[in-house]
Structure formats: C-alpha cells, structure tokens
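Here the protein sequences come in this chain order: C and X.
Quick note: the first sequence uses the UniProt record's numbering, first residue 1, plus one each step.
Quick note: the second sequence uses the UniProt record's numbering, first residue 1, plus one each step.
In this text, a Cβ means the ideal position worked out from N, Cα and C, and glycines have one as well.
Everything numeric in this text was worked out from a predicted model, so none of it was measured.
There are 2 protein chains.
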Amino acid sequence: MGSLESDFLTMSKSNNNSKEFNPLDPEEFREKAHKAVDFIADYYKNIENYPVLSQVQPGYLRNRIPETPPDAPESFDTILRDVQNDIIPGMTHWLSPNFFAFFPATVSSAAFVGDMLSNCFNAVGFNWLASPAATELEMVVMDWLATMLQLPKSFKFSGSGGGVLQSTTSEAVLCTLIAARDRALKEIGVQHVGKLVVYGSDQTHSTFMKVCKIAGIHPENIRSIPTILENDFSLSPKLLRKVVEADVAQGLVPLYLCATVGTTSTTAIDPIKHLADVAADYRIWVHVDAAYGGSACICPEYRHFLDGVERVDSLSLSPHKWLLTYLDCCCLWTKNPNLIINSLSTNPEYLKNKINESNDSVVSYKDWQVGTGRKFKSLRLWLVLRSYGVTNLRNHIRTDIQMAVTFERLVRSDPRFEIVVPRRFALVCFRLKQFNGFDSAYTELLNKRLLDRVNSTGRVYMTHTIVGGVYLLRFAVGATLTRDHHVVSAWELIRETTDALVKECYA
Amino acid sequence: MGSLESDFLTMSKSNNNSKEFNPLDPEEFREKAHKAVDFIADYYKNIENYPVLSQVQPGYLRNRIPETPPDAPESFDTILRDVQNDIIPGMTHWLSPNFFAFFPATVSSAAFVGDMLSNCFNAVGFNWLASPAATELEMVVMDWLATMLQLPKSFKFSGSGGGVLQSTTSEAVLCTLIAARDRALKEIGVQHVGKLVVYGSDQTHSTFMKVCKIAGIHPENIRSIPTILENDFSLSPKLLRKVVEADVAQGLVPLYLCATVGTTSTTAIDPIKHLADVAADYRIWVHVDAAYGGSACICPEYRHFLDGVERVDSLSLSPHKWLLTYLDCCCLWTKNPNLIINSLSTNPEYLKNKINESNDSVVSYKDWQVGTGRKFKSLRLWLVLRSYGVTNLRNHIRTDIQMAVTFERLVRSDPRFEIVVPRRFALVCFRLKQFNGFDSAYTELLNKRLLDRVNSTGRVYMTHTIVGGVYLLRFAVGATLTRDHHVVSAWELIRETTDALVKECYA
Numbered sequence: 001m002g003s004l005e006s007d008f009l010t011m012s013k014s015n016n017n018s019k020e021f022n023p024l025d026p027e028e029f030r031e032k033a034h035k036a037v038d039f040i041a042d043y044y045k046n047i048e049n050y051p052v053l054s055q056v057q058p059g060y061l062r063n064r065i066p067e068t069p070p071d072a073p074e075s076f077d078t079i080l081r082d083v084q085n086d087i088i089p090g091m092t093h094w095l096s097p098n099f100f101a102f103f104p105a106t107v108s109s110a111a112f113v114g115d116m117l118s119n120c121f122n123a124v125g126f127n128w129l130a131s132p133a134a135t136e137l138e139m140v141v142m143d144w145l146a147t148m149l150q151l152p153k154s155f156k157f158s159g160s161g162g163g164v165l166q167s168t169t170s171e172a173v174l175c176t177l178i179a180a181r182d183r184a185l186k187e188i189g190v191q192h193v194g195k196l197v198v199y200g201s202d203q204t205h206s207t208f209m210k211v212c213k214i215a216g217i218h219p220e221n222i223r224s225i226p227t228i229l230e231n232d233f234s235l236s237p238k239l240l241r242k243v244v245e246a247d248v249a250q251g252l253v254p255l256y257l258c259a260t261v262g263t264t265s266t267t268a269i270d271p272i273k274h275l276a277d278v279a280a281d282y283r284i285w286v287h288v289d290a291a292y293g294g295s296a297c298i299c300p301e302y303r304h305f306l307d308g309v310e311r312v313d314s315l316s317l318s319p320h321k322w323l324l325t326y327l328d329c330c331c332l333w334t335k336n337p338n339l340i341i342n343s344l345s346t347n348p349e350y351l352k353n354k355i356n357e358s359n360d361s362v363v364s365y366k367d368w369q370v371g372t373g374r375k376f377k378s379l380r381l382w383l384v385l386r387s388y389g390v391t392n393l394r395n396h397i398r399t400d401i402q403m404a405v406t407f408e409r410l411v412r413s414d415p416r417f418e419i420v421v422p423r424r425f426a427l428v429c430f431r432l433k434q435f436n437g438f439d440s441a442y443t444e445l446l447n448k449r450l451l452d453r454v455n456s457t458g459r460v461y462m463t464h465t466i467v468g469g470v471y472l473l474r475f476a477v478g479a480t481l482t483r484d485h486h487v488v489s490a491w492e493l494i495r496e497t498t499d500a501l502v503k504e505c506y507a
Numbered sequence: 001m002g003s004l005e006s007d008f009l010t011m012s013k014s015n016n017n018s019k020e021f022n023p024l025d026p027e028e029f030r031e032k033a034h035k036a037v038d039f040i041a042d043y044y045k046n047i048e049n050y051p052v053l054s055q056v057q058p059g060y061l062r063n064r065i066p067e068t069p070p071d072a073p074e075s076f077d078t079i080l081r082d083v084q085n086d087i088i089p090g091m092t093h094w095l096s097p098n099f100f101a102f103f104p105a106t107v108s109s110a111a112f113v114g115d116m117l118s119n120c121f122n123a124v125g126f127n128w129l130a131s132p133a134a135t136e137l138e139m140v141v142m143d144w145l146a147t148m149l150q151l152p153k154s155f156k157f158s159g160s161g162g163g164v165l166q167s168t169t170s171e172a173v174l175c176t177l178i179a180a181r182d183r184a185l186k187e188i189g190v191q192h193v194g195k196l197v198v199y200g201s202d203q204t205h206s207t208f209m210k211v212c213k214i215a216g217i218h219p220e221n222i223r224s225i226p227t228i229l230e231n232d233f234s235l236s237p238k239l240l241r242k243v244v245e246a247d248v249a250q251g252l253v254p255l256y257l258c259a260t261v262g263t264t265s266t267t268a269i270d271p272i273k274h275l276a277d278v279a280a281d282y283r284i285w286v287h288v289d290a291a292y293g294g295s296a297c298i299c300p301e302y303r304h305f306l307d308g309v310e311r312v313d314s315l316s317l318s319p320h321k322w323l324l325t326y327l328d329c330c331c332l333w334t335k336n337p338n339l340i341i342n343s344l345s346t347n348p349e350y351l352k353n354k355i356n357e358s359n360d361s362v363v364s365y366k367d368w369q370v371g372t373g374r375k376f377k378s379l380r381l382w383l384v385l386r387s388y389g390v391t392n393l394r395n396h397i398r399t400d401i402q403m404a405v406t407f408e409r410l411v412r413s414d415p416r417f418e419i420v421v422p423r424r425f426a427l428v429c430f431r432l433k434q435f436n437g438f439d440s441a442y443t444e445l446l447n448k449r450l451l452d453r454v455n456s457t458g459r460v461y462m463t464h465t466i467v468g469g470v471y472l473l474r475f476a477v478g479a480t481l482t483r484d485h486h487v488v489s490a491w492e493l494i495r496e497t498t499d500a501l502v503k504e505c506y507a
C-alpha cells in the first residue's frame, strides 16, 4: 500500500495552506504571552491610579464595540490597546489595595503561574486515566489543606473520606445536598420528596436557597431560622431543635443543615459542635460553609471556630477568598464520598478503561461534581502552598486581621461611629450612630449617603448590608496589595466625608 | 485626631515585617510569569516527545510527594523542576498532535493570553456594578457568536433573548431544565413533580441523566429513547411522539427534550426541526446540545445541522471543544432569560446597588447560573474571535474535517476495516471487520487488542465506544497542533499493528 500512502502524503502537502493558520505556534505564543505578562505586571504596579469602583454607565461598552465580529485577524497590540481604553474603565478593580467591598478575592504570583501551567496542559481530568497527575495531585493537595486545618482523618483520602475542588460554594452545597437527598429518598421513597426539610439561618448565604430549589426541595420546606444581634447573628442550636421538632411533629423529614463559619453579612459563626448535637438526633446531614472564615482556621488561634467539625458530614472553604488562589477555587471535603458518587456517577462506554474498571482506589472526579469535564485546578493551590509555605500563609491571615483591628480602633476613636457587631476576622461592621434629634430612618439615610460619597470618589470601595433591621457599612480588609497606610487613608476619607455630611445636617 | 493617626501610622510601620511577604510584588510576578511563559512555549515545542497517553500506574504521584505541605517557601525553579519530573509523566497530553481520543480540547495563543487577562483583573462579576466590563463584554461576545451561527434575533440581547457563559454543558442543561421545571410546577403544583418527564435518546450525553436527577426529575421519568444504526443513531421524531403520547395517556407531563447536534459516541445529529414539531404539540422545552457539532455551524455549509433552531428554547455549544478557547467555556443561549432568572435569582442586601435596582436592562449574570461568583470569562472568547477573525475560524473547522476525510479514505483503502457510521464532522468511527471464520465476540476482542496496542505505544491515543451493540474505534481529529502527517502516521501505526495482530490470529 506504499503508493497509496505517498498519494495521501502528496495530497497532504499540497493541502498545506493550512500551515498559514497555526493558533498554537510556540514562538508566536511566547511573544504574545510575554507581552501579556508585562501588561499585567504594569497593571498591578499602577493599579492605584484607577478608580476602585468603575464610574461608567450601563451600556458604555456595547456602544464602543462593533455589533459583529471581525472577518479578518486583528493584532494583539490593537486588542491590548482596547483592553486599556475600553475594558479597564469598566472594571471595578477587585485587586486594588483600596478595595474593601464584599470579601476580597485574593491572588498571588504563585497562583497566577499555577493557572498558566494548568492551562498549559489543558487536560480534561474527568477520570484518572484522562490525566493521572491531575487526579492524584488534587487528592494530595486536598489532604494537605485538610492537615493545615487539623481536619480529622475521616475527611482525608489518607483516612476514609476525601476532598475535591469545586468552582463555587454553591456547587459544593449542591453536590452534598443531592447526596443527602438521595440517601433519604432511598429510605422514604422518591414520591415523598415533599417531606424533606433543610435548615439554615437568616444569615446563611443567599445561594443556599437557590441550590435547595435546584435540588427540588420544596420552597416551603427551606427553613431560614432567625438570628439576633444579641447572639451576634449566629444560629441558635436551641432554636434549631425547636424548628426541627415542629417539622418532625408534622410528619416532615429533616434532611440537611448548612452551618456557616463567617457569614457574608457580618462573619457570624454558627456553633458547629452544638448544632451537630441536634443534627445527630435527627440524622440531619450537616454541611459547614466556611467559604471565608475557614481559611483563618489554618492558624491555631482561630482553629476553635471549627470545633465539632469531626461530627459533621461535609465542609467547604474557598481559597479564592483568602488563600491567594485567584478565582475560582472552592475546596469540599466529605466523610461520605460514596454517597456523592452514588448520586452523581455516570459510566458511559466511551469513558471506560481498564484501570478505572479494575482499581477501586482510583478516583473519578467527574463523579464528585455537576459537570463531566474539569480543569487541572489543583496546580494553583499546590503552587500557593509550596511557594509560600504554611508559616507565611498563617502570617498573611494574621496581618490582614491586624489591619482590620487597626481600622476597628480608628472607628472606635471617633464617637460619631459605632461597631455594630464584634469583629471576628478581617471584616469591620460599623455605622454612624443615631445622632441626637434624628430618627433611625434618617440615620440609615446618612449612612447610605456616606457610603455613596465615599465610593463615588473612586478612592475607596466598600459595601453595606442590613442585619437585624440595622443598615451598616462593611469594611473588609484583605485585598492582596492592601497595607496599613491604605486602611488609614480609607479611614481619613470616611472621617472627612462624615465631617462634611454632619456639617450639612446641622446647616 | 492627628496624633491618633500618627500613632497608628507608627504602629503600622513597626508592624511592617509584613512587607517581607508580598505575594503580588509586580517585579516578582513579572519574573515568575515570564519564566512560566518560556516553560510552556518549550512544552508546546517538545510536546511530541512525550507519550500521548500517560504510562504511569495508580498511586505514582502520591508516592513521590510529601504527605504534608512545607512550612517554608520553596523556589519556583524547584517547583518547575517537579512539574517536569513528577507531573509531566502523569499527564495524558491532550494538546499533543497525536491525541485522537474523546473530542479534542482545543486551544490558541489568543485564548491563553485572554485567560491571563481575565486572571489579571480577578473580577467577581456577579452583577453589573461588580465589573461593568465583564457583564457587557459577555453580552457582546454572546451576540457575536450568535451572529456567526446565524441564530435568530430571539436568542440575542439585540433581540429578545440572550446568552451566558457556563462552565460545562451540564450546567447549561441544568439551568434550562430548572427553568422549564419551575414553569411547569407553577401550573401543575409542586407536589406533582413526579409527573414530569424528560426526553433524550440513548445517544444523549451521559450527563443528561445526572443533571435530571440533580433537578429532582424522578429517575423512572427520564426517557432514553433508543436509536438504531440504520438511522445513524439519530433520534426519530416519530418515536419521540409515540413515547410522549404514551406518557400523556398515563397522565404524565412532558417537560424537556435534549436534542443533540453531534453526539459524543458517533457525532449523530438529531433532526431539530422535526423534533421541535413534536415538542410544540406538547409544550416541551427543547434544548439543543451542540457542544461539539455546533462549532462547525459557523461554516455556511454545515449550518443546516441547526435548521429549526428558531423553534427551540435554548442551545448550548462548547468553544473549548472546537473553537480554540481552552477549558472551560460553554455558551448557552435562550429565548427565555426571564424563566431562568425566575428560578435562579437571589437578591441579598449586600449585593444590592442603585444601578441594578433602577435599571431593568442591566444583566446580573449570577441569576443565569448555579453559583454566585464568576470569572471574567468572555475575554478569552473575545480574544479568539478578534485575533483570528471569522474567516480563519471557519477554515480551521474545515481543515480539521479535511484531515478526518483523509483518515476515512485511508481506512476505506484497507479491506480489513470498515467505517461503521457515516462521518459528519472530524470524528471517524471504524473497526476491524468480522473476519471469515471468527464470531462477533472475537471481532470485538481483536478491536480491543488493536486499541490497547496502539495506545500503549504512547505514539497515538484514540478511544472506543459501543453503539447498537457494536464495539468501534473512535478517531477524533482536531487537536490544535495536528497536521496531515500526524493523521497519516497514526494510520500507519494502526495498519502495522493490525498486520501483526492478524498474523497472530492465523498463526
């Protein structure tokens, strides 16, 4: 068949105008990527020059960009110029050292290059054979972080559990909720899904409600148990028991509790141990959402916030919030991987291979998540843990908290302000007090005005929330580039803005 | 309060051993990232030197890596050396030009730098204000790609619909299924969820079953309608109608149909138009999963595979498969964004802002997906579309298909082989024929052996499937670096391995 082949080879060669289009030419790759590195390093260097909160109006970008894609190629220089001129003005600069909104999304050189390496391979690690290193490194890194958090063996691969990287807390909650749901439905019958009840507090992340609805929990069976200021907005085990008992009395079936270590509004902490006591009496699956607060628990002095974790079923924590990994990176550990796998496994013929079939110890991460495909995400976390080491990461948490302490002291030093809830981590919840002669509605209005004015300067970005009927300002320290002087300057701006506001009030 | 402040500043300065730890120092970032660029460019240059399919055994990596994370920092050079020595041997090289397994996961310099820029900002674009550019660019790019696919206005923001970037097809199906489910439950009552029935074929992606179960569709109500070889494994509208009628006769409620343009096993194509006819009679939500095949439809000569799309409710397509974007990137368009938003929206106080409250035209993408947080993903797709232009992207699709045609002709030129199903795109499904005197079980065994031997050389990686009871080999062309001579060499290897196998059979 020699001649046939040479025919094909000839055909192939004559066909090689395809050579003109090589989107992964290594030298062109090198050139573009080096250029991007410098662009990004310069952006980080100059980031303080941009207003933190974008000042554009809705529609600004759609008006600047053609309605249809180009037919012909455009140069990287042209595109970079457009990023500078069109995109950057529309960015809210999450990495600015003057970003104190929401929770920070932290980053590092190590995670950046970790993600570059992950992209480099572009491996789709749905099962072991699809890239053994991707599966095994994820197992190693999840055990590493479990060790840093002093999690019991029951959550580790080296014990009887295991961990997986998800995109978001929402996905982590969804996967564990489905596992709990299916275990319960096996016992009570799928037709009784309407009896299943799930529990959180009124401070539980808003995504909990969404995820429960996705999982088919009937909306009227999603309990949002009230919390109070006097209890620092943490979920009361006593109240939980009451609510659960009432449900059981009605013939309902308690299913799942989402407890939080560091709520989004005020970093409230639910008492895991006592909640787990209640849950145990009713075989409720307990999940701990430690998306933000969990990272602090790598420091021995904060580990007590996880006390009782040995009695829960699953725990999630998002290193993209406080452990410098860039988005998105959410760690989920569970004692019951098999329950998740029972619910989420698929076994199509085209993914079968001898090693998966013959080796029980081989993990197929596709069965631990919603999707089938998945990136080699653990590289980022591995790079962070190795590049900085546990000691530096602990100090990084402590430094952030120390800066929040500084801000808290500054607020306390001004009698016009009050700290609304105790500071636990690096978030300070404060507000202008109710002034003599003004009602609470006016106080809220003043605080709103203060927030608006501060944010509209572009020099600082912070956000608000309402808890227990109180409108308060949130000052979340921890953007990777933030240093003490940024915190002090932010306070200066808040103080000066307040001076002007107060003057107007009494004018 | 001047003195107070200077106290704090002094405290800050004395506290500044924190300066020693700066994980985002721009110059250190620059140095590390440049090093990573060269590492990756060299990897791409030398990628053919590695066995395509990893040759390691389970547990290989866990035995090489310490059980606990380091306390002290390790250098990037050390880590890169470990990537080379420990990680790369455990990689199945998806970007190798000799990777013909599954479907390729395609990449490009443009998407790589696009993702670098996305990471650069690390913006969490849950709503418009959190980064206006992230929301608006996604809207623009989704409309661009819709234009390239000649989708009707009803799927575009410039019309009455819209698009969103999801991580995976699973998530796209989940979000639309929930929207359809909740619309139906509103009419029939949540207690009747057990009546809802969903439809796919036995060739629909395995994740469909998983996603339906997540959404609480009762497993016995998930119809997997059989397909046959004679019909090229496409879903028969006639058969669909029969199944739906039977369900309706039983008092069940038809809900959702997942039709596929390019199934995973054999790239079969479900006839959208005729399926939509059936669906319309029963108000079934029709979703088109064009994860792989959809990309080809940017070429006018393949667009007919989407005929009838104007009558469906939603469509998803994964550019990470064939449009060079790196993982993960799945486009979802829908005519009914409001139905998705009704099901998935959350409105916590801490995310409220004046612009979202006052401007109906402002999109909050958090309400179009499972999670709350989301990366600035559209940059990657924008970079690809602009850097290459529509003409090049079309030619890229055509070149891949042309290489598959080459392979198909090579297979046909050898009388020992047969093409099992017609080639539609860049996947060739073939097998060794049943030889005289051997039964079908032995034929399957021979094909398995052929696959094993070819893959174990490390020179080529391809996979298998079973459809209609037939074990066949899948040869998927389209890894970004693949050129004609790789296809011809792969065939050479297959032919030579077959020579040896056949010799043994008759020995």
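Pick helix, strand or coil for C:His304, following the three-state DSSP scheme. C:His304 sits in a helix when the DSSP states are folded into three classes.
To the nearest angstrom, how far is it from the Cα of C:Thr260 to the Cα of C:Ala476? If you take the alpha carbons of C:Thr260 and C:Ala476, they lie about 18 angstroms apart.
So which residues on chain C does X:Val454 lean against when the C-beta distance must stay under 8 angstroms? Within chain C, no residue comes near X:Val454; the closest Cβ sits about 14 angstroms away, beyond 8 angstroms.
Report yes or no: do the segment 46 to 56 of chain X and the segment 455 to 467 of chain X share at least 3 C-beta pairs separated by less than 8 angstroms? Yes: at least three Cβ pairs fall under 8 angstroms.
Distance cutoff 7 angstroms, beta carbons only. Does C:Gln55 sit that close to anything in chain X? Put simply, the CB of C:Gln55 is far from chain X, with every gap to its CB atoms at 7 angstroms or more.
What is the DSSP secondary structure of C:Ile222, reduced to helix, strand or coil? Collapsing the DSSP output to three states places C:Ile222 in a strand.
I'd like to know whether the C-beta of X:Trp368 is nearer than 7 angstroms to at least one C-beta of chain C. At a cut-off of 7 angstroms between C-beta atoms, X:Trp368 does not count as an interface residue with respect to chain C.
Is the distance from the Cβ of X:Val420 to the Cβ of X:Leu501 below 7 angstroms? The answer is no: Cβ separation not under 7 angstroms.
How is C:Gly2 classed by DSSP in three states: helix, strand or coil? Bear in mind that the predicted position of C:Gly2 carries a pLDDT of just 37, short of 50, making it too unreliable to give a figure here.
Where C:Tyr326 sits in the DSSP three-state scheme: In the structure shown, C:Tyr326 sits in coil (DSSP, three-state: anything other than H, G, I, E or B).
Considering only residues of the same chain and omitting the five flanking positions on each side of X:Thr176, which have a CB-CB separation below 6 angstroms? Taking C-beta separations shorter than 6 angstroms and ignoring five residues to either side along the sequence, the partners of X:Thr176 in its chain run His287 and Ser314, following chain order.
Exposure label - X:Ser75; buried when at least 16 CB within 10 Å: By the neighbour-count criterion, in which 16 or more other beta carbons inside 10 Å mark a residue as buried, X:Ser75 falls on the exposed side.
Using a 10 Å radius around the Cβ and a threshold of 16 neighbouring Cβ atoms, would you call X:Ser440 buried or exposed? X:Ser440 comes out exposed.
What's the call for residue 508 of chain C, buried or exposed, on a 16-neighbour Cβ count within 10 Å? Residue coverage of chain C in this structure runs from 1 to 507, which leaves residue 508 of chain C outside it and unanswerable.
Is there a Cβ from chain C that is less than 7 angstroms from the Cβ of X:Asp289? It does not: the Cβ of X:Asp289 has no partner Cβ on chain C nearer than 7 angstroms.
Tell me whether the beta-carbon of C:Val278 lies closer than 7 angstroms to the beta-carbon of C:Pro237. Between C:Val278 and C:Pro237, the gap from beta carbon to beta carbon is short of 7 angstroms.
Can you check whether the C-beta of C:Phe233 is within less than 7 angstroms of a C-beta belonging to chain X? Not flagged as an interface residue toward chain X: C:Phe233, since no C-beta distance is shorter than 7 angstroms.
In whole angstroms, what separates the C-alpha of X:Leu9 from that of C:Val37? Low confidence applies to X:Leu9: its pLDDT is 43, below 50, so where it sits in the model is not reliable, and the reading given next is rough at best. As the crow flies, the alpha-carbon of X:Leu9 is around 34 angstroms from that of C:Val37.
Rounded to the nearest angstrom, what separates C:Ile269 and X:Asn63 at their Cα positions? Looking at the two C-alpha atoms, the distance is approximately 38 angstroms.
Status (buried if at least 16 other CB within 10 Å, exposed otherwise) for X:Tyr506: With fewer than 16 Cβ atoms within 10 Å of its Cβ, X:Tyr506 is classed as exposed.
Can you give the Cα-Cα distance for X:Arg483 and C:Phe21, rounded to whole angstroms? When rounded, the distance between both Cα atoms is 11 angstroms.
What number of angstroms, rounded off, separates the C-alpha of X:Gln369 from the C-alpha of C:Glu171? X:Gln369 and C:Glu171: Cα-Cα distance of roughly 11 angstroms.
So, for X:Ser234: in the same chain, excluding its five sequence neighbours on each side, which residues have a beta-carbon less than 7 angstroms away from its beta-carbon? Excluding sequence neighbours, X:Ser234 sits near Thr227, Ala268, Ile269, Asp270 and Pro271.
Along chain X, which residues have their Cβ under 7 angstroms away from the Cβ of C:Lys375? Listed along the chain, the chain X residues whose CB falls inside 7 angstroms of the CB of C:Lys375 are Leu327 and Asp328.
Can you tell me where the beta strand (DSSP E) holding X:Gly125 begins and where it ends? Element bounds for X:Gly125: n/a, residue is neither H nor E.
Assuming X:Gly371 contacts C:Ser167 (C-beta within less than 8 angstroms), just tell me the rounded distance between them. Right, their Cβ atoms sit about 6 angstroms apart.
Quick test of the definition: if touching needs 3 or more C-beta pairs under 8 angstroms, does the segment 151 to 164 of chain C touch the segment 140 to 156 of chain X? With a cut-off of 8 angstroms, the segment 140 to 156 of chain X and the segment 151 to 164 of chain C do not count as touching, because too few Cβ pairs lie within range.
To the nearest whole angstrom, what separates the beta carbons of X:Tyr365 and X:Gly125, a pair I think is in contact under 8 angstroms? At roughly 6 angstroms, the Cβ-Cβ gap stays under 8 angstroms, so X:Tyr365 and X:Gly125 are in contact.
Under a three-way DSSP split, which group does X:Cys505 fall into? Here X:Cys505 carries a helix assignment [DSSP, helix/strand/coil].
Which same chain residues end up closer than 7 angstroms to X:Ala111 when comparing Cβ atoms and leaving out the 5 residues on each side of it in sequence? Residues of the same chain with a CB within less than 7 angstroms of the CB of X:Ala111, apart from the 5 flanking positions on each side, are Leu324, Thr325, Tyr326, Arg380, Leu383 and Val384 in chain order.
Quick check on the burial criterion: 16 or more other C-beta atoms within 10 angstroms. Buried or exposed for X:Ala105? Result: buried.
Anticipated Cβ contact below 8 angstroms, X:Leu137 with X:Ser378, distance rounded: Cβ atoms of X:Leu137 and X:Ser378 come within 8 angstroms of each other, at about 5 angstroms.
Opposing strand residues paired with X:Val261 [DSSP bridges]: Within the DSSP bridge table, the entry for X:Val261 names X:Ile269 as partners.
Test: residue 516 of chain X CB closer than 7 angstroms to a CB of chain C: Here chain X covers residues 1 to 507 and nothing more, so residue 516 of chain X does not appear.
Would you say X:Ser170 faces chain C, with C-beta separation under 7 angstroms as the test? It does; some Cβ of chain C falls within 7 angstroms.
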